[in-house]
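These notes concern the structure reproduced below.
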DNA sequence: CAGGAGCTATACTGGTCTGTCTAGTAGGCC
DNA sequence: GGCCTACTAGACAGACCAGTATAGCTCCTG
């Protein structure tokens with residue numbers, strides 16, 4: 347069975363909206379790339395905004411699932427899984443098509459914090475943070491929430507700074523600071 | 347003497363482009379707000395992009411000058427001046443009109459990294475970092491560049507995370523982590 | 001075969017955008 | 001007065017945009 351037209355549209359939306367911007371990408375461009383007629387789009391989605399929301403939702407689910415697989419990697423112990431979060435960060439930042447955090451970019455296009463897209467992005471970041479909190483708890487960290495928030499600062503800071511300046515040293519320092527942070531938070535935990 | 351029409355346009359551009367977005371703000375809206383005729387705009391600037399560039403340049407200069415005054419505050423010693431960077435961060439984030447880092451937002455609207463606006467933003471972030479490096483050197487920090495990069499990660503991470511989630515705890519953790527970072531980097535310096 | 005669901009192709013509406021053109025005005029300076 | 005600079009006001013061109021309307025196609029199912 348072939349993938350549905352709806353999924354095709356979302357896939358191309360993820361590709362184009364995230365790379366070139368939502369407002370900069372016209373519906374017609376997207377339709378040409380997807381090989382889908384305009385009426386088909388509007389039979390599946392009420393508006394362009396709804397397609398954008400579906401695209402953001404898809405990336406949200408993908409990233410959450412990726413984090414989940416890292417934090418449940420049976421080949422690593424609890425502490426190693428937390429360090430692996432920074433391996434994942436490095437992989438994202440050093441991959442050839444890196445254009446910064448997709449959620450930062452999309453959020454900047456929707457200035458109204460009440461917009462559904464912004465609400466979804468807020469929920470995304472909170473969920474990622476919460477997931478790291480629970481992984482730290484399981485690993486026996488002394489201050490799981492504080493540590494998780496600081497990890498997020500390093501991860502998000504690295505993405506934005508490498509993206510804006512092109513200087514990979516920010517990534518290296520995020521890794522190093524993350525290592526220090528995790529070692530300190532887990533030093534009394536049962537090995 | 348009254349301020350020039352050119353400066354009036356830049357002032358309103360800073361106001362509107364940074365708050366509502368460059369692409370979302372039409373030239374006509376800006377002109378109405380500034381009380382300036384369209385031909386006047388195009389006699390001072392070759393295009394809208396050039397006005398945007400001038401607006402970004404202005405904020406760049408303002409922020410650089412603000413950092414300079416913090417790092418040269420005669421009422422504080424070298425170490426206190428570095429801690430004051432986080433006071434400044436708190437002031438920015440908790441001020442009522444906070445909408446995230448203006449440079450992050452503008453950068454997201456210009457996806458081409460070769461665009462003059464993006465080049466200026468890259469230069470801005472590098473300059474801020476360099477200025478903190480030299481302040482750390484003067485304060486006798488053990489690893490000034492590493493420490494400056496980590497400070498930047500905390501500052502930029504806090505801005506983006508508080509903006510996207512609305513959770514001020516990210517700011518508190520950035521402050522706390524910044525304090526730890528500076529204490530560790532300056533522990534052997536001459537008091 | 002009949003009919004409906006899903007899709008295509010294309011034209012069109014009404015709006016918004018940047019940038020240009022034209023004509024005219026106010027004030028300073030020679 | 002004459003002139004020049006800076007500015008205003010408004011119309012306009014040309015492009016692009018989201019979303020709608022119409023007509024026709026294919027394929028599956030009863």
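Residue numbers (the numbering used here), protein chains in the order written: chain A, 347 to 537; chain B, 347 to 537. Where a beta carbon is used, it is the ideal one built from N, C-alpha and C, also for glycine.
According to DSSP, is residue i part of a helix, a strand, or is it coil?
{"i": "residue 546(A)", "result": "The structure shown does not extend to residue 546(A), since chain A is modelled only from 347 through 537, so no value can be given for it."}
{"i": "residue 505(A)", "result": "helix"}
{"i": "residue 442(A)", "result": "coil"}
{"i": "residue 372(B)", "result": "coil"}
{"i": "residue 487(A)", "result": "coil"}
{"i": "residue 534(B)", "result": "coil"}
{"i": "residue 392(A)", "result": "coil"}
{"i": "residue 380(B)", "result": "helix"}
{"i": "residue 426(B)", "result": "helix"}
{"i": "residue 434(A)", "result": "helix"}
{"i": "residue 357(A)", "result": "helix"}
{"i": "residue 476(B)", "result": "helix"}
{"i": "residue 419(B)", "result": "coil"}
{"i": "residue 347(A)", "result": "Model confidence at residue 347(A) stands at a pLDDT of 47, short of 50, so the residue's coordinates are unreliable and nothing is read from them."}
{"i": "residue 367(B)", "result": "coil"}
{"i": "residue 457(B)", "result": "coil"}
State yes or no: is the beta carbon of residue i nearer than 8 Å to at least one beta carbon in chain A?
{"i": "residue 347(B)", "result": "Residue confidence for residue 347(B) is low, a pLDDT of 45 falling below 50, so the modelled location carries little weight and cannot support an answer."}
{"i": "residue 496(B)", "result": "yes"}
{"i": "residue 471(B)", "result": "yes"}
{"i": "residue 457(B)", "result": "yes"}
{"i": "residue 373(B)", "result": "no"}
{"i": "residue 478(B)", "result": "no"}
{"i": "residue 468(B)", "result": "yes"}
{"i": "residue 385(B)", "result": "no"}
Can you find a C-beta in chain B that's less than 8 Å from the C-beta of residue i?
{"i": "residue 414(A)", "result": "no"}
{"i": "residue 367(A)", "result": "yes"}
Is the beta carbon of residue i less than 8 Å from the beta carbon of residue j?
{"i": "residue 452(B)", "j": "residue 463(B)", "result": "yes"}
{"i": "residue 520(B)", "j": "residue 495(B)", "result": "no"}
{"i": "residue 511(A)", "j": "residue 471(B)", "result": "yes"}
{"i": "residue 457(B)", "j": "residue 372(A)", "result": "no"}
{"i": "residue 400(A)", "j": "residue 363(A)", "result": "no"}
{"i": "residue 455(B)", "j": "residue 454(A)", "result": "yes"}
{"i": "residue 436(B)", "j": "residue 517(B)", "result": "yes"}
{"i": "residue 523(B)", "j": "residue 493(B)", "result": "no"}
{"i": "residue 481(B)", "j": "residue 428(B)", "result": "yes"}
{"i": "residue 538(B)", "j": "residue 413(B)", "result": "The first residue shown for chain B is 347 and the last is 537, placing residue 538(B) beyond what the model contains."}
{"i": "residue 506(A)", "j": "residue 461(A)", "result": "no"}
{"i": "residue 485(B)", "j": "residue 415(B)", "result": "no"}
{"i": "residue 466(B)", "j": "residue 403(B)", "result": "yes"}
{"i": "residue 508(B)", "j": "residue 478(B)", "result": "no"}
{"i": "residue 502(A)", "j": "residue 503(B)", "result": "yes"}
Mark residue i as exposed unless 16 or more other C-beta atoms lie within 10 angstroms of its C-beta, in which case mark it buried.
{"i": "residue 498(B)", "result": "buried"}
{"i": "residue 375(A)", "result": "exposed"}
{"i": "residue 425(A)", "result": "buried"}
{"i": "residue 299(B)", "result": "Since the first residue shown for chain B is 347 and the last is 537, residue 299(B) is missing from the structure and cannot be characterised."}
{"i": "residue 407(A)", "result": "exposed"}
{"i": "residue 533(B)", "result": "exposed"}
{"i": "residue 448(A)", "result": "buried"}
{"i": "residue 561(A)", "result": "Look at the range of chain A in this structure, 347 to 537, and you will see that residue 561(A) is not part of it."}
{"i": "residue 489(B)", "result": "exposed"}
{"i": "residue 349(B)", "result": "exposed"}
{"i": "residue 529(A)", "result": "exposed"}
Taking 7 Å as the cut-off, is the beta-carbon of residue i closer than that to any non-hydrogen atom of the ligand MG?
{"i": "residue 361(A)", "result": "What this structure holds is no ligand at all, so the ligand MG is not there to describe."}
Using Cβ-Cβ distances below 9 Å, what residues of the stretch 509–524 of chain A are close to chain B?
509, 510, 511, 512, 513, 515, 516, 518, 519, 520, 522 and 523
With 7 Å as the limit, tell me which residues of the stretch 480–505 of chain B have their beta carbon closer than that to any beta carbon of chain A; keep them in chain order.
492, 495, 496, 498, 499, 500, 502, 503 and 504
Contact set between the stretch 399–411 of chain A and chain B, restricted to residues whose Cβ is under 7 Å from the partner
none
Interfacial residues, the stretch 443–455 of chain B to chain A, with Cβ spacing under 9 Å:
445, 446, 447, 449, 450, 451, 452, 453, 454 and 455
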